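Accompanying notes for the structure given below.
There are 2 protein chains.
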Amino acid sequence: MKNNLFAKRMENIRASEIRELLKITEMPEVISFAGGLPAPELFPLVEIAKISSEVILEDGRKALQYSTTEGYLPLREKIAERLHRVFKTTVSTDQILITCGSQQALDFIGKVFLNEGDVVFCESPSYLGALNAFRAYEPRFIEVPTDDDGMIPEELEKLMLTCSRRKLIYVVPDFQNPTGRTWSVERRKKLLEIAQKYGVVIIEDNPYGELRFEGEIPASLMSLDNTGTVIGLGTFSKIFCPGMRLGWIAADTDFIEKFVLVKQGADLHTSTTSQMQVNRFLEKNDIDMHIAHIKDVYRERRDTVIEAMEREFPRSVRFTRPNGGLFTWAELPEGLNARKLLEISLERKVAFVPGASFYACRPKDNTMRINYSNMPEDRIREGIKRLGEAIYELSSISSIAV
Amino acid sequence: MKNNLFAKRMENIRASEIRELLKITEMPEVISFAGGLPAPELFPLVEIAKISSEVILEDGRKALQYSTTEGYLPLREKIAERLHRVFKTTVSTDQILITCGSQQALDFIGKVFLNEGDVVFCESPSYLGALNAFRAYEPRFIEVPTDDDGMIPEELEKLMLTCSRRKLIYVVPDFQNPTGRTWSVERRKKLLEIAQKYGVVIIEDNPYGELRFEGEIPASLMSLDNTGTVIGLGTFSKIFCPGMRLGWIAADTDFIEKFVLVKQGADLHTSTTSQMQVNRFLEKNDIDMHIAHIKDVYRERRDTVIEAMEREFPRSVRFTRPNGGLFTWAELPEGLNARKLLEISLERKVAFVPGASFYACRPKDNTMRINYSNMPEDRIREGIKRLGEAIYELSSISSIAV
């Protein structure tokens, strides 16, 4: 009865597979590689408690009041400075808009740019949360063949020529969710060339770039761009904490102007309180030292999960060895279905996310995303052991050798 | 160049007149009746500082982590209980979704319900922020003739028959923004009958209902409805503080399900930290006592602004005498333009919002919204005095007697 009341776009919006899964994995006995959650034991509670209370006592009439849509100026300044220092960009403060996490930025991108049927090019696989946000605006996705160095430029250019309504290219070049892959600088340059040639906007989503365990941070797309082609998304969720929902959009002011209009209608502004608290945290504490600590912990967990997979998984299972971020990505031999594997592994109280829903167009059912940031090492070892057993069991049930 | 990149919907999204105005009125020497800001001197800073720090120290790993899209369960329970106690509704906890202020709820309503060209019926005038949020979804607005008791039912029914794509009726029945008017119960019942007869959903936006200075809270539309026709919006912005951005949608679970899907794509969830802090505030403090205190202060300010307008304004200026909320609404004699009045009054360092932009279709240029919650009484008196002088000046310039 009610169904004819809803807008047509609602037919495209589906529940995220991860979200539904997270409900199961909230049971404490489940070893979960499913979420993308930071390690809560690393949140600097004492410092955050201190600054939270100080901001209210010293400046509460401002911190609890309505504020400007663009965001709290001192925080925007700090973000611009930090982007310059860490990612070599040259964005100014007025090119920063504060959002409720970078998920909100993804929604705004859909709202500002996408008419029904406009084309969004994305990696194969791509970030599920972005695909879901864009789907509300009824675009057409084109999945671009992608290898360990990023999108394959020749393939992208071939696909560009197949359609006229090209609008956006969405990429996560650093420690991609879900694969953990990082693009080569060569590929970044090629992407920019192609985007500029065809007048397409690039969305560079970079929540994990600072969580690099080895080597130098490569040139960001934004730092390579001097034409305003790239819109950068960032967040405090992975380097500080996700609960406060603080992210940002960095872009040409022509774009920021539109995002501000959209943000005004969407929620007026992001929490003044959270913005002033994070700003004060950055003033009173050394966030670089905090990030270094997070990286030390995650590096060990990455080592642990890779070692365990090498030991416990059949040789025929391939997986990525990321130099940073939160995820590794595994591919089972053809014919083995990761959703079925999940059923078996849940019986063993182990969860992960089947990879199919990370593909915009052509799901590969034999893929899976494994998160390693949210658990101590002994749980990781035990979880991967059970997951290995589940793979052998699936192989035997499916009569497909591994 | 960039303009052809933007989605068509962006042509409908304009900067809010209030927002632009608020930039001017941030200068401390300006006496501003323009914003809709609560009085920041009433924020309970000591208590909020205390609970902010306690939540982080005692439960920070949860408070700073990702959480469920629906919102923090204990807070949803408290909202459901409160709605029952104050507004006599029977909504259960699973009928509550936490949003980033009720502005976000307005955006979600557009997203869930509106196809391009769908009809939204609204009061004349109506809340600007709602009109702007809905505009992103390209509806057609129909302005329904409205008097001091609410929409005129016969007029609404006549207008219902003029169109086939009727979808929503948006109303603020208690101390409406911008007019301060409250609907009679009789009119509420009639509205429900008509909505049910034509299968149209009612949005009852109620940010001010608890700020009643005289008399009893009348039956809310939601409490009168037993068919799931009404979607209720609420917020902590006016009874607690707006800076944290906490509001809610109360609706039939069929609707909530859709809103949750949309919220997931829009920002995953509202700040866990803010939700747990407000929840703790409600546990440890008496919010009713706090609201009683706010009401005492605003009642005096309402008395002051009305007395001052009676004294300082020409008799031909009509204005509302609200029994609660934050606003009064004035109508200048025909032919006097409130935008021109604003120019004159800004020279005298007094601001208000011209009323034209609160009309979805047919702006009345001689109207203005006056906020009285944000200033002490001596400033209100001085501001209205200057505004009165400005009206006389405008009358003389325009050669229209007042």
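For the protein sequence lines, the chains are A and B, in the order given. Under the working numbering, the first residue of the first sequence is numbered 1, with each subsequent residue one higher. Under the working numbering, the first residue of the second sequence is numbered 403, with each subsequent residue one higher. C-beta atoms are modelled at their ideal positions from N, C-alpha and C, and glycine is treated no differently. Since we're looking at a predicted model, the values are computed, not measured.
Is the separation between the beta-carbon of PHE715(B) and that of VAL680(B) shorter than 8 Å? Here the question's residue 715(B) lines up with position 313 in the second sequence. Here the question's residue 680(B) lines up with position 278 in the second sequence. Cβ atoms of PHE715(B) and VAL680(B): not closer than 8 Å.
Cβ-based contacts, 8 Å cut-off: residues of the segment 579-592 of chain B near chain A: The residues in question: there are none.
In chain order, what residues of the segment 269-288 of chain A put their CB closer than 8 Å to some CB of chain B? Flagged, chain order: HIS269, THR270, SER271, THR272, THR273, SER274.
Extent of the continuous beta strand (DSSP E) run through GLY234(A): Translated into positions along the first sequence, residue 234(A) becomes position 234. Segment 230-235, the beta strand (DSSP E) holding GLY234(A).
Per DSSP, ALA652(B) forms a beta bridge with which residues? Taking the second sequence and counting its residues from 1, one reaches residue 652(B) at position 250. ALA652(B) pairs with ILE498(B), GLY634(B).
Pick from ILE380(A), GLY110(A), TYR127(A), ILE397(A): whose alpha carbon is nearest that of GLU343(A)? Position 343 of the first sequence, counted from the start, is the residue given in the question as residue 343(A). Relative to the Cα of GLU343(A), the nearest Cα in the group ILE380(A), GLY110(A), TYR127(A), ILE397(A) belongs to ILE397(A).
At a Cβ threshold of 8 Å, is LEU221(A) touching chain B? Counted from its first residue, the first sequence places residue 221(A) at position 221. The beta-carbon of LEU221(A) is placed no less than 8 Å from the nearest beta-carbon of chain B.
Report back the beta-carbon spacing between HIS6(A) and VAL602(B) to the nearest angstrom; my notes put them in contact at under 8 Å. Looking up residue 6(A) in the first sequence gives position 6. Looking up residue 602(B) in the second sequence gives position 200. One detail in the question is off: residue 6(A) reads as Phe in this sequence, not His. Under the criterion of beta carbons closer than 8 Å, PHE6(A) and VAL602(B) do not qualify as touching, at roughly 14 Å.
Looking at C-alpha atoms only, which residue of MET368(A), SER345(A), PRO74(A) is the closest neighbour of ALA356(A)? Within the first sequence, residue 356(A) is the residue found at index 356, counting from 1. When each option's Cα is compared against that of ALA356(A), the closest is MET368(A).
Sequence-distant residues of the same chain with beta carbon closer than 7 Å to HIS692(B), five excluded per side: Mapped onto the second sequence, residue 692(B) falls at position 290. Around HIS692(B): PRO446.
In chain A, what lies closer than 7 Å to GLN598(B) by C-beta? Reading the second sequence from its first residue, position 196 is the one you call residue 598(B). Ordered by position in chain A, no residue passes the 7 Å Cβ test against GLN598(B), which lies about 13 Å from the chain.
Answer yes or no: the CB of ASP94(A) versus the heavy atoms of the ligand SAH, is any distance below 7 Å? As presented, the structure is devoid of all ligands, the ligand SAH included, so that no description of it is given.
7 Å Cβ cut-off: residues of chain A touching CYS502(B): Numbered from 1 along the second sequence, position 100 holds the residue referred to as residue 502(B). Ordered by position in chain A, the residues that pass the 7 Å Cβ test against CYS502(B) are CYS100, ASP267.
On the three-state DSSP scale, how would you describe TYR539(B)? The residue labelled residue 539(B) in the question sits at position 137 within the second sequence. Reduced to three states, the DSSP call for TYR539(B) is coil.
Could you give the distance in angstroms between the alpha-carbon of LEU508(B) and the alpha-carbon of ARG750(B)? Here the question's residue 508(B) lines up with position 106 in the second sequence. Here the question's residue 750(B) lines up with position 348 in the second sequence. Roughly 36 Å between the two C-alpha positions.
Between ILE641(B), LEU623(B), ASP690(B), which lies nearest to ILE633(B) when the distance is taken from Cα to Cα? As a position in the second sequence, residue 633(B) is number 231, starting the count at 1. When only C-alpha atoms are compared, the closest one is LEU623(B).
Please list the partners that LYS8(A) has in chain B, where partner means a Cβ-to-Cβ separation under 8 Å. As a first step, residue 8(A) must be located in the first sequence, where it is residue number 8. Per Cβ cutoff of 8 Å: ASN517.
Can you list, in chain order, the residues of its chain with a C-beta nearer than 6 Å to that of THR146(A)? Leave out the 5 residues immediately preceding and following it. Residue 146(A) sits at position 146 when you count from the first residue of the first sequence. Result list for THR146(A): GLU123, SER124, in chain order.
Can you list the residues of chain B that SER52(A) reaches, using a CB-CB cut of under 7 Å? Counting from one through the first sequence, the residue named residue 52(A) turns up at place 52. Within chain B, the residues placing a beta-carbon under 7 Å from that of SER52(A) are SER454, SER455, ILE458, ordered along the chain.
Uninterrupted alpha helix (DSSP H) stretches inside the segment 62-130 of chain A (no shorter than 4 residues): The qualifying runs are 73-87, 101-113.
Please tell me whether GLY634(B) has its Cβ less than 8 Å away from any Cβ of chain E. The question asks about chain E, but that chain is absent: this structure's protein chains are A and B.
Give the DSSP-derived three-state secondary structure of SER805(B) in the structure shown. Coverage of chain B is limited to positions 403 through 804, which leaves residue 805(B) absent and any answer about it impossible.
Same chain, Cβ closer than 7 Å to TRP183(A), five either side skipped, listed in chain order: Here residue 183(A) is taken as the residue at index 183 of the first sequence, counted from 1. Excluding sequence positions up to five before and after TRP183(A), its CB lies within less than 7 Å of the CB of ASP149, GLY150, PRO173, all in the same chain and listed in chain order.
Run down chain A in chain order and give the residues with a C-beta less than 8 Å from the C-beta of ILE450(B). By one-based count along the second sequence, residue 450(B) stands at place 48. Chain A residues near ILE450(B): ILE56, GLY60, LEU64.
Is there at least one Cβ from chain A nearer than 8 Å to ILE571(B)'s Cβ? Along the second sequence, read from residue 1 onward, the residue named residue 571(B) stands at position 169. Not an interface residue.
Under 8 Å by Cβ, that's how I've got VAL178(A) and SER102(A) pegged, so tell me the actual separation to the nearest angstrom. The residue labelled residue 178(A) in the question sits at position 178 within the first sequence. The residue labelled residue 102(A) in the question sits at position 102 within the first sequence. For clarity, residue 178(A) is Pro in the given sequence; the question names Val instead. Contact between PRO178(A) and SER102(A) does not hold, since their C-beta atoms are separated by about 16 Å, which reaches or exceeds 8 Å.
Output needed in chain order: residues of the segment 115-133 of chain A with a Cβ under 8 Å from some Cβ in chain B. When C-beta distances to chain B are compared with 8 Å, the residues of the segment 115-133 of chain A below that value are ASN115, ASP118, GLY129, ASN132, ALA133, in chain order.
Could you check the C-alpha separation between LEU233(A) and ASN323(A) for me, to the nearest Å? Residue 233(A) sits at position 233 when you count from the first residue of the first sequence. Residue 323(A) sits at position 323 when you count from the first residue of the first sequence. Taking the straight line joining both Cα atoms gives about 21 Å.
Chain B beta carbons: is any one of them nearer than 8 Å to that of MET244(A)? On the first sequence, residue 244(A) is found 244 positions in, with the first residue counted as 1. Cβ-Cβ to chain B under 8 Å: yes for MET244(A).
Can you tell me where the beta strand (DSSP E) holding LEU161(A) begins and where it ends? As a working mapping, residue 161(A) is identified with position 161 in the first sequence. Where LEU161(A) is concerned, there is no enclosing beta strand (DSSP E), given that its DSSP letter is neither H nor E.
Using CA coordinates, which residue listed in ALA653(B), ASN534(B), TYR474(B), LYS452(B) is at the minimum distance from THR674(B)? As a working note, residue 674(B) is residue 272 in the second sequence. For the residues ALA653(B), ASN534(B), TYR474(B), LYS452(B), the minimum Cα distance to THR674(B) belongs to TYR474(B).
Given a threshold of 16 other Cβ atoms within 10 Å of its Cβ, counted over all protein chains shown, does ILE169(A) qualify as buried or as exposed? One-based indexing of the first sequence puts residue 169(A) at position 169. That one is buried.
Closer than 9 Å by beta-carbon distance: list the chain B residues that pair up with LYS88(A), in chain order. As a first step, residue 88(A) must be located in the first sequence, where it is residue number 88. Within chain B, no residue comes near LYS88(A); the closest Cβ sits about 24 Å away, beyond 9 Å.
Per-residue burial, MET777(B) [other beta carbons within 10 Å of its own, 16 or more giving buried]: For the purposes of this step, residue 777(B) is taken as residue 375 along the second sequence, with counting starting at 1. Label assigned to MET777(B): buried.
When the cut-off is 8 Å and only beta carbons count, does ILE152(A) lie next to chain B? Stepping through the first sequence from its first residue, residue 152(A) is reached at position 152. No, ILE152(A) lies away from the interface with chain B (no Cβ there is under 8 Å from its Cβ).
Taking three-plus beta-carbon pairs below 8 Å as touching, is the segment 33-44 of chain A in contact with the segment 449-469 of chain B? Taking 8 Å as the limit for Cβ pairs, the verdict is that the segment 449-469 of chain B does touch the segment 33-44 of chain A.
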